[in-house]
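Asker: In numbering that gives the first Met the number 0, the protein residues as written are 0 to 144. All residues carry an ideal CB built from backbone N, CA and C; glycine is no exception. Quick one: the structure is below, questions incoming.
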Amino acid sequence: MDAREGVAAALGGIGVDLLRVDRIGQVYARHGDRFARRILGPQEFEKFLLRHGRDPARGLRFLASRFAAKEAFSKAIGLGMRSPMTWSRMQTLNEPSGKPRVQLTEPLAGWYAQRFGAAHVSITDESDMVAAFVVVEALNSSRKV
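Here you go:
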């Protein structure tokens, strides 16, 4: 519920993913940037390169967190990793405040807009683990309370 507006939203789906950073690190060690490009959208990849260049461990945590967010999102919308859901069509970007937000590209964006309302993502990371939690609202679910 949004207390500022007195609006509640019906739940469309939830998804969660918990991931060990070293699992992503092992895959990245074998495949390098090719793996990162496959998983990340263009804006995420740019941010990954900056973080990884300054601190490789921080870069891997970023890559793992985005992987987890994509997994959680795919579970929340009930598709898993099958079309129109692909790794790079869902990006987790940040507002100026740091709050993560979901950004979709076509054809996933159109598919999603026909079925769901707003998407909300939360990510947390420690040195060895990352977790992502996604809630999607049902389409046209907001109602005054």
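1) Would you identify the three-state DSSP class for R81, choosing helix, strand or coil?
2) Shorter than 6 Å, the distance from the beta carbon of R65 to the closest heavy atom of the ligand HEM, or not?
3) Label T91 either buried or exposed according to how many other C-beta atoms from any shown protein chain fall within 10 Å of its C-beta, with 16 as the threshold for buried.
4) Apply the 10 Å Cβ neighbour rule to G58 and answer buried if 16 or more other Cβ atoms are within range, or exposed otherwise.
5) Which residue's Cα is closest to the Cα of M128: G12, V26, D21 and G14?
6) By alpha-carbon positions, which one of R33, K69 and P83 ends up nearest to R100?
7) Keeping to the same chain, check which residues put their C-beta closer than 8 Å to that of A137; ignore five residues upstream and five downstream.
8) Could you give the first and the last residue of the continuous alpha helix (DSSP H) run that contains P41?
9) For the alpha helix (DSSP H) that L107 lies in, which residues bound it at each end?
10) Within 10 angstroms of its Cβ, does S73 collect 16 or more other Cβ (buried), or is it exposed?
11) What did DSSP end up calling G31 once you bin it into helix, strand or coil?
Answerer: A quick look at the data gives this:
1) Taking the sequence shown and counting its residues from 1, the one referred to as residue 81 is at position 82. DSSP places R81 outside both helix and strand once states are collapsed to three, so it counts as coil.
2) Annotation note on the ligand HEM: not contained in the displayed structure, which lists no ligands.
3) Stepping through the sequence shown from its first residue, residue 91 is reached at position 92. With 16 or more other Cβ atoms within 10 Å, it is buried.
4) Within the sequence shown, residue 58 is the residue found at index 59, counting from 1. Its Cβ being crowded by 16 or more others within 10 Å, G58 is buried.
5) Here residue 128 corresponds to residue number 129 of the sequence shown, with the count starting at 1. Minimum Cα distance to M128 is reached at D21.
6) Taking the first residue of the sequence shown as position 1, residue 100 is located at position 101. Ranking R33, K69 and P83 by Cα distance to R100 puts K69 first.
7) Translated into positions along the sequence shown, residue 137 becomes position 138. Excluding residues within five positions, the ones whose Cβ falls inside 8 Å are A8, A9, L10, G11, F115 and G116.
8) As a working note, residue 41 is residue 42 in the sequence shown. Segment P41 to R53, the alpha helix (DSSP H) holding P41.
9) Taking the sequence shown and counting its residues from 1, one reaches residue 107 at position 108. Start and end: L107 to A112.
10) Counting from one through the sequence shown, the residue named residue 73 turns up at place 74. Buried, since its Cβ has 16 or more Cβ neighbours within 10 Å.
11) Translated into positions along the sequence shown, residue 31 becomes position 32. Coil, per DSSP.
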